[in-house]
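In this note's numbering, the protein residues as written are 1 to 99.
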């Protein structure tokens with residue numbers, strides 16, 4: 001699994017789907033506070049700095065918290081980047097439709 005770094009993924013995701021990506025960024029800030037992120041990792045470690053496998057688990061938690069699926073996910077075997085990009089695309093459309 002490729003790590004989804006800021007340079008190779010998240011910047012592109014933000015350019016294409018700014019509202020949906022911002023929603024995730026706000027969620028991850030709350031998540032970090034709830035799990036004492038700074039105690040788990042060296043200070044200054046960002047989500048995009050952790051290994052892809054860890055990103056995957058946290059991403060699944062985000063998707064579940066948004067009501068997009070249950071713990072019985074069937075897409076784990078696909079490429080995580082493709083799934084995140086597709087989610088952001090769909091969420092972007094929802095956010096625009098809601099405003």
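C-beta: ideal position from N, C-alpha, C; glycine also.
Inter-residue Cα distance where the pair is residue i and residue j
i	j	result
residue 26	residue 33	11 Å
residue 57	residue 94	24 Å
residue 59	residue 44	20 Å
residue 53	residue 87	18 Å
residue 36	residue 99	33 Å
Cβ shell of residue i (< 7 Å), same chain only, five flanking positions each side left out
i	result
residue 24	62
Beta-carbon contacts of residue i that lie in its chain and below 8 Å, excluding the five residues immediately before and after
i	result
residue 89	16, 17 and 20
For residue i, the three-state DSSP class (helix, strand or coil)
i	result
residue 80	helix
Pick from the options that is closest to residue i, judged by C-alpha positions
i	options	result
residue 55	39, 67, 83 and 68	83
residue 67	49, 85 and 91	91
residue 117	80, 5 and 64	The question about residue 117 has no answer, for the chain in this structure spans 1 to 99.
residue 85	7, 5, 12 and 99	12
Item to check | Runs of alpha helix (DSSP H) wholly within the stretch 13-74 (minimum 4 residues, chain order) | outcome: Look at the stretch 13-74 and you find these whole runs of alpha helix (DSSP H), each 4 residues long or longer: 18-34, 37-40 and 52-65.
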